[in-house]
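Asks: The structure's right below; bear with me while I get my questions together.
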Amino acid sequence: MKSVLGDEALLRFGKVCVLYFAKSAELTGVRAEPVAVPTSISSRELWQQLLRRHPRLSLLQEQLVLAVRQQYVAIGDQTLTLNDGDEVAVVPPLSGG
Amino acid sequence: MEGAEKKSDVFKLSRDILSIQEVVDTVSSTSCGAISIFLGTTRDSFEGRRVIGLEYEAYEAMVQSELGKLSADIRTRWPTVTHVCIHHRLGWVGAGEASVAIAMSSPHRHDAQQAVQYCINQLKANVPIWKKEVYAGDEEGSWKENKECAWGRAKEAGGEGGEGGT
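Note that the protein sequences, when read in sequence, are chains A and B. Each residue of the first sequence is one higher than the last, beginning at 1 in the numbering used here. Each residue of the second sequence is one higher than the last, beginning at 98 in the numbering used here.
Here it is in C-alpha cells:
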C-alpha cells in the first residue's frame with residue numbers, strides 16, 4: 001500500500017488533547033480541543049500545525065513553550081513522540097506567584 | 098533521639114482566601130526551631146496605573162507535578178528542611194490580598210529561610226500559573242510575564258518586560 005510519503009515511511013497519526021491557557025486561550029477562543037497529529041513530529045511542526053488552526057496564535061510570536069505529557073518542550077527541531085490521548089498544552093510566559 | 102518524623106509536602110490551589118495560620122500549622126513541628134514564610138500580595142498599582150486585582154489561572158495537574166519536582170529539588174539542596182507547604186490562589190485576587198503563601202520548617206532557621214527564597218524564585222520560573230492584571234476603568238487587563246520565566250520577553254538579565262514582581 002502506498003502511503004503519503006511513498007513506500008518507506010508510513011505516516012501514523014494519533015489524536016492528542018491540546019490545552020490552551022491564559023493569552024493563548026483568549027486568542028483561540030478555545031480551552032481544549034482534540035487534534036490529529038503525526039505520532040512523530042518536531043515541536044516546531046506541531047506549533048505550526050496549531051498556528052494553521054488558529055492564526056491568531058501568531059500574536060504570541062515564539063514567546064511560548066509547549067508542554068507534552070506535562071513536560072516543557074521548547075519550540076524547535078526536537079522530535080516528539082505523541083501517543084493517542086496525550087495532553088499537549090500551549091504555555092505562554094508564566095506569571096505565578 | 099531523632100525520631101523518624103515523616104517530612105511532608107502540602108500543595109494547594111484554591112479560590113478561597115489564603116489562611117496564614119493554616120500554612121503555619123501545616124509545617125509546624127516540635128523538631129523545628131524555625132518556620133520561614135513568604136506571602137506574595139497584590140499591589141494596587143503598576144507603572145502609574147491603578148490595579149484593582151489579579152485574575153489567576155493554572156494548568157492544575159502540571160502545577161502539582163512541578164511543585165513536587167521543586168520540593169524535591171529544595172530537599173536536595175537544604176536537607177534539613179522538614180515540612181513544605183505551598184498555597185496558591187486561583188481566580189480573582191483583589192488588591193491587598195495574598196495570592197501565594199510558602200511556609201517551610203527546619204531545625205535551625207538558615208535552611209528554611211534560604212529554601213523559601215529559592216522556592217518563590219523557582220515557582221515564578223517554572224510553575225504553570227498565569228495572572229492577568231486588571232486596571233481601574235479597563236476591562237481588558239494585561240497578562241503578566243515573570244522575568245524569571247525563560248520564554249518571556251523580559252529575561253532575568255536586565256529585561257524590562259510586563260511584570261512588576263513581588
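The beta carbon of each residue, even a glycine, is placed where N, CA and C say it ideally should be.
On the CB-based measure, 16 or more other CB atoms within 10 Å of its CB, does residue 244/B come out buried or exposed?
Replies: Counting Cβ neighbours within 10 Å, residue 244/B comes out buried, since at least 16 surround it.
Asks: Is residue 67/A closer than 8 Å to residue 89/A when the C-beta atoms are compared?
Replies: Contact: yes.
Asks: Give the residues from the region 17-32 of chain A that approach chain B closer than 9 Å (Cβ to any Cβ), ordered along the chain.
Replies: Within the region 17-32 of chain A, the qualifying residues are 19, 21, 22, 23, 25, 26.
Asks: Based on DSSP bridge pairs, tell me the residues matched to residue 226/B.
Replies: Beta-bridge pairing links residue 226/B to 155/B.
Asks: What does the Cβ neighbour count give for residue 230/B, buried or exposed, with the cut at 16 atoms within 10 Å?
Replies: Buried.
Asks: When the distance is taken between beta carbons, is residue 246/B closer than 8 Å to residue 221/B?
Replies: Against a cut-off of 8 Å, the Cβ pair of residue 246/B and residue 221/B comes out as a contact.
Asks: For my contact list, residue 240/B and residue 22/A are in at a C-beta cut-off of 8 Å; report their separation, rounded to the angstrom.
Replies: Right, the Cβ-Cβ distance comes to about 5 Å (below 8 Å), so this counts as a contact.
Asks: Give the C-beta separation of residue 208/B and residue 173/B to the nearest angstrom, bearing in mind that I take them to be a contact with Cβ-Cβ under 8 Å.
Replies: Between residue 173/B and residue 208/B the Cβ distance is about 12 Å, and since that is not below 8 Å, they are no contact.
Asks: Is residue 91/A close to chain B, meaning its C-beta is less than 8 Å from at least one C-beta of that chain?
Replies: Yes, residue 91/A lies at the interface with chain B (some Cβ there is under 8 Å from its Cβ).
Asks: Please report the residue range of the beta strand (DSSP E) in which residue 244/B lies.
Replies: That residue, residue 244/B, is in no beta strand (DSSP E); it is neither H nor E in DSSP.
Asks: So what's residue 175/B in DSSP terms, helix, strand or just coil?
Replies: Residue 175/B falls in the coil class under three-state DSSP.
Asks: How many angstroms separate the CA atom of residue 1/A from the CA atom of residue 12/A?
Replies: Because residue 1/A sits at a pLDDT of 48, beneath the cut-off of 50, its placement in the model cannot be relied upon, and the point is left open.
Asks: Output, in chain order, the set of chain B residues within a Cβ distance shorter than 8 Å of residue 67/A.
Replies: Ordered by position in chain B, the residues that pass the 8 Å Cβ test against residue 67/A are 156, 159, 225.
Asks: Looking at the unbroken alpha helix (DSSP H) that takes in residue 114/B, where does it start and where does it end?
Replies: No alpha helix (DSSP H) holds residue 114/B; DSSP gives it neither H nor E.
Asks: With DSSP as the reference, please indicate the residues paired to residue 134/B in a beta bridge.
Replies: DSSP lists 200/B as partners of residue 134/B.
Asks: Please identify the residue among 141/B, 113/B, 168/B whose C-alpha is closest to the C-alpha of residue 107/B.
Replies: Selected option, being the one with the closest Cα: 168/B.
Asks: May I have the straight-line CA-CA distance separating residue 97/A from residue 157/B, to the nearest angstrom?
Replies: So the alpha carbons of these two residues sit roughly 14 Å apart.
Asks: Determine, using beta carbons only, whether residue 149/B and residue 216/B come nearer to each other than 8 Å.
Replies: For residue 149/B and residue 216/B, no; Cβs fall outside 8 Å.
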